[in-house]
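S.K.: Heads up: the sequence shown begins at 143 in this note's numbering, then just goes up one per residue.
Each residue gets a CB set at the ideal place from its N, CA and C atoms; glycine is no exception.
The structure is given below, and queries will be raised subsequently.
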Amino acid sequence: MSSKILIIGACGQIGSELTFKLRSIYGDDNVVASDISYSNLEIVNSGLFEIVDAKDYASVKTCVEKFSIDTVYLMAAMLSATGEKFPMEAWDLNMTSLFNVLNLAKDNFIKKVFWPSSIAVFGTTTPKEYTPQYTIMEPTTVYGMTKQVGERWCEYYFTKYQVDVRSIRYPGIISWKTLPGGGTTDYAVEIYHEAIKNKSYECFLKPDSELPMMFMDDAIKATVDIMQAESEDIKIRSSYNLSATSFTPQEVAESIKKHIPEFEISYNPDYRQEIANSWPKNINDSYARQDWKWRHQFSLDDITDEMLLQLNKKYN
Ligand code: VAH
């Protein structure tokens, strides 16, 4: 019998594309999109949609029971940059929502959980090159702290209550369909929009700020792959390192110039530079590649090709 899936945070950058992908796999009637508001009308009008407050246990439980949900993808979170402006709200949203879903699973209202972690779990004391799965983790952002402690709780609920929760540490995600909100890696999305609209972009990070990045199609594939893997193949129940590529703003600009030679980039680092400085340059994701056969597809130039192709259609 097909899964009955609830996506919490379906109006967001990843949640929106995950909704369409899961509907294509499991059928429209088996995937319920939800969010705190009707902020993405394409999602709201494209199929089953419910208002769910991820911080309200009763709100989540009511939706789970209404649609006989067995699998929850918890995509609602406050990201790194916004989290530094509203630390208590970030802690509350990111942690309360996770406990609500883990407890629904512990009490057998649902059977399976996906929860996104992030390379933001790493901090300034973490080795920055080819960052290993197991290493020093002293995150300096509230967002990173919520992801680090969230990973501990995921592993605890698996070990103590046999909750089938699966997680990956997303790098920066690049997509063209839905704008990201409040992330430090958002420059890598904005730059493509500005390249098409204005042929110039003022970057809020320094030119040599190398960060781990991934195209949305790869991120969605990884999310589906880990959730479809056999339980015994998921040997890490905190969260898996995941990687595709890594690059600097300068390298993105050079990639764009292969298509738009007149494109110009300038740099005006802001508070997000300190966040970026605390994160790895690139990630060792050998455990994901070994345990559940993760393979990425998109390089930087592949990302640039697709982003400019799709955004040209959007704006012209
Ligand atoms: C952020 N896009 O910038 C998120 C992501 C690795 C970064 O977690 O906060």
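I'd like to confirm the pairing. Which residues does DSSP put opposite Ile178 in its beta bridges?
M.R.: The count along the sequence shown starts at 1 and reaches residue 178 at position 36. According to DSSP, Ile178 bridges with nothing at all.
S.K.: Quick check: does the Cβ of Leu347 come within less than 6 Å of any heavy atom belonging to ligand 1?
M.R.: Mapped onto the sequence shown, residue 347 falls at position 205. Distances taken from the Cβ of Leu347 to the heavy atoms of ligand 1 include none shorter than 6 Å.
S.K.: Assuming Pro391 is part of the alpha helix (DSSP H), what are its boundary residues?
M.R.: Reading the sequence shown from its first residue, position 249 is the one you call residue 391. Where Pro391 is concerned, the enclosing alpha helix (DSSP H) stretches over Pro391 to Lys399.
S.K.: What's the call for Glu473, buried or exposed, on a 16-neighbour Cβ count within 10 Å?
M.R.: Lying outside 143 to 458, the shown extent of the chain, residue 473 is not represented and no answer is given.
S.K.: Out of Val186, Leu235 and Lys163, which one is the CA nearest neighbour of Asp198?
M.R.: As a working note, residue 198 is residue 56 in the sequence shown. Answer by Cα proximity: Leu235.
S.K.: Taking only runs that begin and end inside the region 258 to 335, name each unbroken beta strand (DSSP E) of 3 or more residues, in chain order.
M.R.: Those beta strand (DSSP E) runs which fall completely within the region 258 to 335 and span 3+ residues are 306 to 308, 310 to 312 and 314 to 316.
S.K.: Starting from Met237 and walking both ways along the alpha helix (DSSP H), at which residues does that stretch end?
M.R.: Reading the sequence shown from its first residue, position 95 is the one you call residue 237. Pro229 to Lys248 is the span of the alpha helix (DSSP H), which, as asked, contains Met237.
S.K.: Within 10 Å of its beta-carbon, does Thr204 have 16 or more other beta-carbons around it, so buried, or fewer, so exposed?
M.R.: Residue mapping note: residue 204 aligns to position 62 of the sequence shown, counting from 1. With a 10 Å radius around the Cβ and a threshold of 16 neighbouring Cβ atoms, Thr204 comes out exposed.
S.K.: I'd like the list of long-range same chain contacts for Gly292, defined as Cβ closer than 6 Å, with 5 residues on each side in sequence excluded.
M.R.: Here the question's residue 292 lines up with position 150 in the sequence shown. Closer than 6 Å at the Cβ level, and outside the excluded window around Gly292, lie Leu240.
S.K.: List the endpoints of the continuous alpha helix (DSSP H) containing Ile368.
M.R.: Start at 1 with the first residue of the sequence shown, and residue 368 comes out as number 226. Per DSSP, Ile368 belongs to the alpha helix (DSSP H) from Met358 to Gln370.
S.K.: Given the structure, does Ala262 come close to ligand 1, in the sense that its CB is under 6 Å from one of the ligand's heavy atoms?
M.R.: Along the sequence shown, one-based indexing puts residue 262 at 120. True, at least one ligand heavy atom lies under 6 Å from that Cβ.
S.K.: Taking a contact to mean a Cβ-Cβ separation below 7 Å, would you say Phe256 touches Met356 in this structure?
M.R.: For this step, residue 256 is matched to residue 114 along the sequence shown. For this step, residue 356 is matched to residue 214 along the sequence shown. No. Outside cutoff.
S.K.: Does the region 377 to 386 come close enough to the region 321 to 334 to have 3 or more Cβ pairs within less than 8 Å?
M.R.: no
S.K.: Within 10 angstroms of its Cβ, does Met287 collect 16 or more other Cβ (buried), or is it exposed?
M.R.: Stepping through the sequence shown from its first residue, residue 287 is reached at position 145. Per the 10 Å Cβ criterion, buried.
S.K.: Taking the straight line between their C-alpha atoms, what separation do you get for Thr268 and Ile417?
M.R.: Reading the sequence shown from its first residue, position 126 is the one you call residue 268. Reading the sequence shown from its first residue, position 275 is the one you call residue 417. Put simply, the backbone Cα of Thr268 is about 13 Å away from that of Ile417.
S.K.: Roughly how many angstroms lie between the CA atoms of Ile459 and Arg294, to the nearest whole one?
M.R.: Any answer about residue 459 is impossible in this case: the structure gives the chain only from 143 up to 458.
S.K.: Around the Cβ of Thr387, are there at least 16 other Cβ atoms within 10 angstroms (buried) or fewer (exposed)?
M.R.: Here the question's residue 387 lines up with position 245 in the sequence shown. The residue in question, Thr387, is buried, as its Cβ has 16 or more Cβ neighbours within 10 Å.
S.K.: Near Gly165, which residues of its chain fall below 7 Å by C-beta distance, leaving aside the five closest residues on each side in sequence?
M.R.: As a first step, residue 165 is located in the sequence shown; it is residue number 23 there, counting from the start. It is Arg, not Gly, that sits at residue 165 in the sequence shown. Answer for Arg165: Val173 and Gly189, listed in chain order.
S.K.: Quick check on this structure: which residue in Ala223, Asn426, Leu453 and Lys270 has the alpha carbon closest to the alpha carbon of Lys339?
M.R.: Indexing the sequence shown from 1 puts residue 339 at position 197. Out of Ala223, Asn426, Leu453 and Lys270, Leu453 has the C-alpha closest to the C-alpha of Lys339.
S.K.: Which stretch, first to last residue, makes up the beta strand (DSSP E) that contains Cys205?
M.R.: Along the sequence shown, read from residue 1 onward, the residue named residue 205 stands at position 63. That residue, Cys205, is in no beta strand (DSSP E); its alpha helix (DSSP H) goes Tyr199 to Lys208.
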